[in-house]
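Per UniProt numbering, residue 1 is the first one in the sequence shown, and the count goes up by one each step. We treat Cβ as the ideally placed atom computed from N, Cα and C, and that holds for glycine.
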Amino acid sequence: MSNAWLFGGQGGQQPGMFARWKHLTPVTHNINRASQLLDEDGWAWDTPEALRGTRAVQLSLLVLQTGVAQELHAKGVEPDFAAGHSLGAWSAAVAAGVLRFDDAVRMVDIRSSGMAAAAPAGYGMIAVTGLNEAVLLRIVDKVRESGGEAWLSNLNSPLQITVLGSDESLALVSQYAQDSGAQKVARLKVAVPAHSPMMAATRARLAEEMGEIQTNPPRFPLVANATGRLARTARQVVEDLIISTDQPVRWGRGVDALSERGITQWVQLPPGNQLVGLLPPSEGEVTAWCIDNVGIEGGFNRWSQHQVLGPMVAAL
């Protein structure tokens, strides 16, 4: 029975999430350590005000996700595979031992600050459900031909794709998508057009800085965002972290790659549950949970005997 851990990206953040998980020593340590490294109060990153900005979102997700994963590792619990969506890929790289936490904090600070500077206001992301990649490509091409700014961002599944760009362009994409038969169009809690050509300068800066960082082979394979393929070496993981900065996230392809390897248990680490919701329907003994929904206040009993969640519950 194989299992995969999922690390979410922007959109899964929740005000007050640090308080929910501060009973885990690595979470508290990571927040304090990041505060020291960046010379600021990291405990303020998960406030409603701070989470309006992409820098606080990315840093708060990193310190929380890696803290939970470190607690599990310390208790001898690890996955067979892992996948991180966008920012979550950085957390997954730390969890797999490819990057040191301190280095990841510095790189995510550069990543998030660069993204925010590239599009300080007036940009965002929408999720379109019910249209395939080819149809949405025609729509965004039409918008760009008229002078707009819009790109495909996250190919989460064959019929759930996100589009990012300027507010004006996203309004046009939304209208065209609805006219083309989209089932749903929703604005997401993402403030910058990540994974687009607007992030080229940030990608270049990361490539330069990452060249000085010592890495280690991953303890378990990770899914590459840019290709959806498995990354089994430190070089493959690092290259993907850099390349995916301005390239679309092919999440659906990555999930398919894991499914083909017999994954039967999917577990999303805190915060949020959006990645579990993106998993395709499956047949047989395949199950999925998000730790946040299982709960930490007496809600674990239902899962305590489960082959995968049992050890995770005991560790947390």
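Alpha helix (DSSP H) segment containing residue i, residue limits
{"i": "lysine 142", "result": "133-145"}
{"i": "glycine 252", "result": "251-259"}
{"i": "glycine 114", "result": "101-118"}
{"i": "threonine 287", "result": "Where threonine 287 is concerned, there is no enclosing alpha helix (DSSP H), although the beta strand (DSSP E) it sits in stretches over 287-290."}
{"i": "glycine 277", "result": "274-278"}
{"i": "histidine 23", "result": "Run containing histidine 23: none; DSSP gives neither H nor E here."}
{"i": "alanine 95", "result": "88-95"}
Reduced DSSP category for residue i - H, G, I as helix; E, B as strand; rest coil
{"i": "residue 378", "result": "Outside the displayed span of the chain (1 to 316) sits residue 378, for which this structure offers no information."}
{"i": "threonine 47", "result": "coil"}
{"i": "serine 157", "result": "strand"}
{"i": "alanine 177", "result": "helix"}
{"i": "valine 185", "result": "strand"}
{"i": "threonine 66", "result": "helix"}
{"i": "threonine 245", "result": "coil"}
{"i": "valine 238", "result": "helix"}
{"i": "leucine 172", "result": "helix"}
{"i": "residue 317", "result": "Limits of the chain in this structure are 1 at one end and 316 at the other, which puts residue 317 out of reach."}
{"i": "histidine 13", "result": "Looking at the sequence shown, residue 13 is not histidine but glutamine. Correct three-state label for glutamine 13: coil."}
{"i": "glutamate 78", "result": "coil"}
{"i": "valine 57", "result": "helix"}
{"i": "phenylalanine 18", "result": "helix"}
C-beta contact flag for residue i and residue j at 8 Å
{"i": "alanine 150", "j": "valine 173", "result": "yes"}
{"i": "arginine 250", "j": "glutamate 78", "result": "no"}
{"i": "leucine 269", "j": "phenylalanine 7", "result": "yes"}
{"i": "glutamine 136", "j": "valine 105", "result": "It is worth fixing the name first, because residue 136 is leucine in this sequence and not glutamine. No, Cβ-Cβ distance for leucine 136 and valine 105 is not below 8 Å."}
{"i": "leucine 230", "j": "histidine 85", "result": "no"}
{"i": "glutamine 183", "j": "glycine 262", "result": "no"}
{"i": "aspartate 109", "j": "leucine 38", "result": "yes"}
{"i": "glycine 9", "j": "glycine 88", "result": "yes"}
{"i": "alanine 194", "j": "glycine 228", "result": "no"}
{"i": "arginine 111", "j": "glutamine 58", "result": "yes"}
{"i": "glutamine 14", "j": "glycine 272", "result": "yes"}
{"i": "serine 196", "j": "leucine 164", "result": "yes"}
{"i": "alanine 74", "j": "leucine 222", "result": "no"}
{"i": "asparagine 30", "j": "aspartate 80", "result": "no"}
{"i": "alanine 134", "j": "glycine 53", "result": "no"}
{"i": "serine 153", "j": "methionine 125", "result": "yes"}
{"i": "alanine 127", "j": "threonine 162", "result": "yes"}
{"i": "glutamate 216", "j": "alanine 201", "result": "The amino acid occupying residue 216 in the given sequence is asparagine; glutamate does not appear at that position. The answer is no: Cβ separation not under 8 Å."}
{"i": "isoleucine 242", "j": "methionine 210", "result": "yes"}
Opposing strand residues paired with residue i [DSSP bridges]
{"i": "glycine 165", "result": "Gly124, Ala150"}
{"i": "asparagine 3", "result": "Gln265"}
{"i": "alanine 83", "result": "Leu6, Val223"}
Any C-beta of chain C under 8 Å from that of residue i
{"i": "glutamate 239", "result": "Absence of chain C from the displayed structure is noted, only one protein chain being present."}
*Contiguous alpha helix (DSSP H) assignments of at least 4 residues, all confined to the region 190-234*: Complete alpha helix (DSSP H) runs here, min 4: 200-210.
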